[in-house]
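Worksheet for the structure shown next.
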Amino acid sequence: MLNGRAICLAVLCVFFFASTVLAQSQSAIVEKIYESEGKVREHVDKKVQGIETKVDNLITTVGTLRTDVAENKTNITNMKEDIRDLKGAVDRIWYGILGVLGTLILSIGVIFSSHGGKVEVKQTMWTW
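Heads up, the sequence shown is in the working numbering, so the first residue is 209 and it goes up one at a time.
Below is the structure:
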């Protein structure tokens, strides 16, 4: 009986030491998992932070582009108004030229018709 008790005690001791060693190895595995999780979290946080920085830069760029687009729209509107004003000025100049030419043609016609189609050239002398 003594041998049976000793064997049971020895088996219990072996199981105790085995469970202690396994528990330590399990805790080491759990710690490794936590370390790996921490490294993964740090890596993901760095990547997310980089992406957030890029998004912030894009937001800034979009804001700048909106400002530029608004400014360009204003410039285009001003250019359209300037072109309209220039077109009006050119039209007025053209109408003036046509008026002068029309008056000249009418004057020549009146001169020809009043002299019977003959034009007299008189030479005058200016004295001072």
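Beta carbons: idealized from backbone N, C-alpha and C, even for Gly.
Taking only the alpha-carbon atoms, compute the straight-line gap between Lys281 and Thr275 and give it to the nearest angstrom.
Between the alpha carbons of Lys281 and Thr275 lies a gap of roughly 10 Å.
From Ala218 to Val238, what distance separates their C-alpha atoms?
So the alpha carbons of these two residues sit roughly 30 Å apart.
Can you tell me the Cα-Cα spacing of Ile291 and Leu309, whole angstroms?
Taking the CA atoms as reference points, Ile291 sits about 26 Å from Leu309.
Distance check for Lys240 and Ile215, CA to CA, integer angstroms please.
Taking the straight line joining both Cα atoms gives about 37 Å.
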